[in-house]
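Residue numbers (the working numbering), protein chains in the order written: chain A, 681 to 791; chain B, 681 to 791.
Protein chains: 2
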Amino acid sequence: MVEPSEDTDLLFKALADPNRRKLLDLLHQHDGRTLGELCEHMDMTRQGVTQHLDVLEAANLVATVRRGREKLHFLNPVPLQEIYERWIAKFEKPRLKALTDMKRRLEKGNG
Amino acid sequence: MVEPSEDTDLLFKALADPNRRKLLDLLHQHDGRTLGELCEHMDMTRQGVTQHLDVLEAANLVATVRRGREKLHFLNPVPLQEIYERWIAKFEKPRLKALTDMKRRLEKGNG
DNA sequence: ACACAATGCAAGTAATGACTTGCCTATTAA
DNA sequence: TTAATAGGCAAGTCATTACTTGCATTGTGT
Chain A
681 MVEPSEDTDL LFKALADPNR RKLLDLLHQH DGRTLGELCE HMDMTRQGVT QHLDVLEAAN
741 LVATVRRGRE KLHFLNPVPL QEIYERWIAK FEKPRLKALT DMKRRLEKGN G
Chain B
681 MVEPSEDTDL LFKALADPNR RKLLDLLHQH DGRTLGELCE HMDMTRQGVT QHLDVLEAAN
741 LVATVRRGRE KLHFLNPVPL QEIYERWIAK FEKPRLKALT DMKRRLEKGN G
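Structure follows, in structure tokens:
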């Protein structure tokens, strides 16, 4: 094995599963859902969903709060920003910069 | 299983492994390397590296060209941009907008 | 107190993934 | 042409992962 930043690895591993990405989407649509509410949209047992949520929580993509017997789930988008900086911006910045520069020039020229 | 976009899934799965991310980094540093050159930096057998590169190629993150008996590997950052649009911008845009708005206000105020 | 509702815990299984070993093919250079 | 170099193929192993089933716990409303 290589020596991965543990955080980064948890993050990418968390995003690697389509069901977990679906959970993130569900929370993006509507934050603060209970486990039960999330389960209604997932085609697996409650335990399966719980385990996926645990992975998301370990990756710091989801935070939870207990309210009585319920558990509320909240999306934390900050780690995604870290992915952006480390993996998107780094690889794409030159290309993106070229695009935005061009866009600016075009707007200047046409306006 | 959920119905994932096959492309998206290949992409995230490809990024989920630290050794594959290391390969992307190596290609980012210096594009067009042969398999052998990549192997020198990876702590596993050539076949292991080949298999990782196959995954990256399936995700369209790496393109290859044969030159004689060598195989050259090139990084394709475009899919990363797609991740950005679908998974970073979507989740972070409001937050980022808030930040840049605040920044602008602060600059206006202090300048 | 009671029944029900929401969630937690733990062990088991089946599939996938990472990696290896051993051998085969193709290209280059002497 | 032959030896060395660069890479390909396929099967096998071991660990991890996704998911399940069964039971235990904790909170809520009556």
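Beta carbons: idealized from backbone N, C-alpha and C, even for Gly.
Fair warning: this is a prediction, and the values are worked out from it, not measured in the lab.
- When the beta-carbon positions are compared, B/THR714 and B/GLU737 stay at least 7 Å from each other.
- Look at the segment 686 to 699 of chain A: the residues with a C-beta under 7 Å from a C-beta of chain B are ASP689, PHE692, LYS693, LEU695, ALA696, PRO698 and ASN699.
- In the three-state reduction of the DSSP assignment, A/ALA769 falls in the helix class.
- Neighbours of B/PHE771 in chain A, taken as residues at a C-beta separation under 8 Å, are given in chain order as LEU704, HIS708, LEU755, PRO757 and LEU760.
- By the CB criterion at 7 Å, B/VAL735 and B/ALA694 fall inside the cutoff.
- The Cβ atoms of B/ARG700 and B/HIS721 do not sit closer than 7 Å to each other.
- For A/ALA743, no alpha helix (DSSP H) encloses it; the enclosing beta strand (DSSP E) starts and ends at 742 to 747.
- Collapsing the DSSP output to three states places A/HIS708 in a helix.
- Residues of the same chain with a CB within less than 8 Å of the CB of A/PHE754, apart from the 5 flanking positions on each side, are LEU707, ASP711, GLY712, VAL742, ALA743, THR744 and VAL745 in chain order.
- Judged by DSSP secondary structure, B/HIS753 falls outside any alpha helix (DSSP H) and instead within the beta strand (DSSP E) spanning 750 to 755.
- C-alpha of A/LEU690 to C-alpha of A/ILE763: approximately 12 Å in a straight line.
- Per DSSP, B/ASP689 is one residue of the alpha helix (DSSP H) stretching across 686 to 695.
- For B/ARG713, DSSP records a beta bridge to B/HIS753.
- Around the beta carbon of B/VAL729, 16 or more other beta carbons lie within 10 angstroms, which makes this residue buried.
- Taking every protein chain shown into account, the CB of A/ASP697 has 16 or more other CB atoms within 10 angstroms, so this residue is buried.
- If you draw a straight line from the Cα of A/GLN761 to the Cα of A/THR688, it is about 12 Å long.
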